[in-house]
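Working notes for the structure below.
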Amino acid sequence: MYSIIKEVLIKGKYELVDVLSKINKLWIEGSLTEEERDELVNLARSNANSENSYAENTQQIANLWEYYQQLDSRLTKLENNQGVELPLEEEWVEFVRPTGSHDAYKIGDKVIFNNKKYICQMDNCVWNPLVYPSAWELVEE
């Protein structure tokens, strides 16, 4: 069991919290010695890749909740006032190089880079439009 887990950890395609839990479970069950457990835990932490974390799902849920609240507010105003509310103005932010998967750009994100507007065409994009042009669509005005 130890060698199989070690191979997975070397490849780096795992979610850290999940794999640490599984290592501890195997240790508690007696399938791993304490030394093997410690080695695997250290290897898991050193090879962990933030792109494999669940943080992105949390951010997507937060974004959807914010969008839902905006729609609910607009719908309530329309139903109560029989009026028409103008759509929200689009927001363009300056491109800032992401530091990890938690703040990487996703499809539809709008940025300004070198005084030009771009829309992201790729999830988990951490590169600017000059470095990875196919990940960005230039918006002509």
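Going letter by letter, the sequence shown gives residues 22 to 162 in the working numbering. Each residue gets a CB set at the ideal place from its N, CA and C atoms; glycine is no exception.
Quiz item: From N135, N136, I128, pick the residue whose C-alpha is nearest to that of W157; which is it?
Solution: Within the sequence shown, numbered from 1, the residue matching residue 157 stands at position 136. It is I128.
Quiz item: Counting along the chain, where does the beta strand (DSSP E) carrying W157 start and finish?
Solution: To locate residue 157, count along the sequence shown from 1; it is residue 136. Going by DSSP, W157 is part of the beta strand (DSSP E) stretching over 157 to 160.
Quiz item: With burial defined as no fewer than 16 other Cβ atoms inside 10 Å of the residue's Cβ, what is the status of V160: buried or exposed?
Solution: Taking the first residue of the sequence shown as 1, we reach residue 160 at position 139. With fewer than 16 Cβ atoms within 10 Å of its Cβ, V160 is classed as exposed.
Quiz prompt | Buried versus exposed call for V152 [16 or more other C-beta atoms within 10 Å across all chains shown] | solution = Along the sequence shown, one-based indexing puts residue 152 at 131. Exposed.
Self-check item: Test: N101 CB closer than 8 angstroms to a CB of chain D
Solution: Among the chains in the structure shown there is no chain D, since it carries only a single protein chain.
Quiz prompt | Any 3 or more C-beta pairs closer than 8 angstroms across the region 83 to 93 and the region 54 to 64 | solution = Using a Cβ-Cβ distance cut-off of 8 angstroms, the region 83 to 93 and the region 54 to 64 are not in contact, since fewer than three pairs of beta carbons, one from each stretch, lie closer than that value.
Exercise. Thinking A125 and N145 are a contact (beta carbons under 8 angstroms), I'd like their distance in whole angstroms, please.
Key: Here residue 125 is taken as the residue at index 104 of the sequence shown, counted from 1. Here residue 145 is taken as the residue at index 124 of the sequence shown, counted from 1. Yes, A125 and N145 are in contact; Cβ-Cβ is about 5 angstroms, under 8 angstroms.
Quiz item: How long is the line joining the alpha carbons of L41 and V62, rounded to whole angstroms?
Solution: Here residue 41 refers to the residue found at position 20 of the sequence shown. Here residue 62 refers to the residue found at position 41 of the sequence shown. One Cα belongs to L41, the other to V62, and the distance between them is close to 6 angstroms.
Quiz item: What separation, rounded to the nearest whole angstrom, lies between the Cα atoms of V117 and C141?
Solution: Counting from one through the sequence shown, the residue named residue 117 turns up at place 96. Counting from one through the sequence shown, the residue named residue 141 turns up at place 120. For the pair V117 and C141, the Cα-to-Cα distance works out to about 13 angstroms.
Exercise. Under 8 angstroms by Cβ, that's how I've got E115 and V132 pegged, so tell me the actual separation to the nearest angstrom.
Key: Position 94 of the sequence shown, counting from 1, holds the residue named residue 115. Position 111 of the sequence shown, counting from 1, holds the residue named residue 132. That pair is a contact at about 7 angstroms.
Quiz item: So what's Y163 in DSSP terms, helix, strand or just coil?
Solution: Within the shown structure, residues of the chain are numbered from 22 to 162, placing residue 163 beyond reach of any answer.
Quiz item: For S24, which option in V147, L47, T120, T97 has the closest C-alpha, if you only look at C-alpha atoms?
Solution: Reading the sequence shown from its first residue, position 3 is the one you call residue 24. The shortest C-alpha separation from S24 is found at L47.
Quiz item: When DSSP labels each residue in this structure, what does I26 get in the three-state scheme?
Solution: The residue you call residue 26 lines up with position 5 of the sequence shown. DSSP places I26 in helix when its eight states are reduced to three.
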